[in-house]
Amino acid sequence: MALVETALPSTANRPRKLRQPQLTIAASDALVLWRRRQATLIHLGDWRRIDDAGWIEGSLRCPPGEFMEFMDPSNPLHARLFAPGSTLIFYGGPRRACLDAVRRARALGHKALALRGGQRAWKEAGGRLGAHPQSPAPALKASFGLAVKHALAAVKARLQSLQTRIG
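What the sequence shown shows, in the UniProt record's numbering, is residues 1 to 167, in sequence order.
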């Protein structure tokens, strides 16, 4: 009776799985970044869903069709809406849309993550949701108000720099 030697596969010969970069963030961690003003939340859902369910207070509305325009650093809106060095956190819309947005934003050189659990997880973590039930288009009003706020801040900074040059 001859012994047959069986070779067990060696772990040294197996190809290593490369660790994939993290694409999602827990709501509690996102809330910490948000409170430290180190994150910009971006809602990718459609208007009807936002008007029905509300949105994360202070988040930007970015329709998926306009994503590349907003994310382009040469766009004047980009500098006003996205603070340099902040992490972009996408939520709303189908899960795949958020993950695709994260990948595209990273390809453009941004730090980006998708909010795991969406609005529900944000609320459970203690985050605030915004809504204006009396308004016919609450999400539009909120996004416009935030854009105006950032634009006015940019104008104020420009005026201050001009005043220092003159005086």
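Glycine included, C-beta positions come from ideal geometry on N, C-alpha and C.
**Prompt:** Based on Cα-Cα distance, which residue from P84, Q119, A101 and W47 lies nearest to I56?
**Reply:** For the residues P84, Q119, A101 and W47, the minimum Cα distance to I56 belongs to Q119.
**Per DSSP, cross-strand counterpart(s) of W55** = Under the DSSP definition of a beta bridge, W55 partners with G130.
**Item:** Range of the contiguous alpha helix (DSSP H) that encloses F90
**Value:** If you look at F90, you'll find it isn't in any alpha helix (DSSP H); it sits in the beta strand (DSSP E) that goes T87 to Y91.
**First through last residue of the alpha helix (DSSP H) which encompasses A30** = For A30, the uninterrupted alpha helix (DSSP H) segment begins and ends at A27 to R35.
**Asked** Should D29 be counted as a contact of the ligand FAD given a C-beta to heavy atom distance under 8 Å?
**Response** Only the bare structure without any ligand can be found here, which leaves the ligand FAD out of the picture.
**Request:** Please state whether DSSP places L159 in a helix, a strand or coil.
**Result:** It is helical.
**Message:** Let's see if you can read the secondary structure: which residues bound the alpha helix (DSSP H) around A121?
**Reply:** A121 -> alpha helix (DSSP H) spans G118 to E124.
**Sheet register partners of A114 (DSSP bridge)** = For A114, the beta-bridge partners assigned by DSSP are T24 and F90.
**C-alpha gap between I166 and L159, whole angstroms** = The alpha-carbon of I166 is positioned some 11 Å away from that of L159.
**Prompt:** For L77, which of Q163, A154 and T87 has the nearest alpha-carbon?
**Reply:** Out of Q163, A154 and T87, the CA that lies nearest to the CA of L77 is found in A154.
**Message:** I want to know whether the stretch 20 to 28 touches the stretch 109 to 127 - three or more CB-CB distances under 8 Å.
**Reply:** Enough Cβ pairs lie closer than 8 Å, so yes.
**Message:** Taking 8 Å as the limit between beta carbons, can you name the residues of its chain near C98, skipping five residues before and five after?
**Reply:** Result list for C98: L44, F90, Y91, G92, A114 and L115, in chain order.
**Asked** Per DSSP, what kind of secondary structure is L44 in: helix, strand or coil?
**Response** In the three-state reduction of the DSSP assignment, L44 falls in the coil class, being assigned neither a helical nor a strand state.
**Request:** Check whether the Cβ atoms of R104 and M71 lie closer than 9 Å to each other.
**Result:** M71 is positioned such that its CB atom lies closer than 9 Å to that of R104.
**Message:** Measuring straight from C-alpha to C-alpha, what distance separates T164 and H150?
**Reply:** Taking the CA atoms as reference points, T164 sits about 21 Å from H150.
**Request:** Note the first and the last residue of the continuous alpha helix (DSSP H) segment covering F67.
**Result:** Start and end: F67 to M71.
**Prompt:** In the DSSP assignment, what residue or residues form a beta bridge with R61?
**Reply:** R61 has H43 as its beta-bridge partners, per DSSP.
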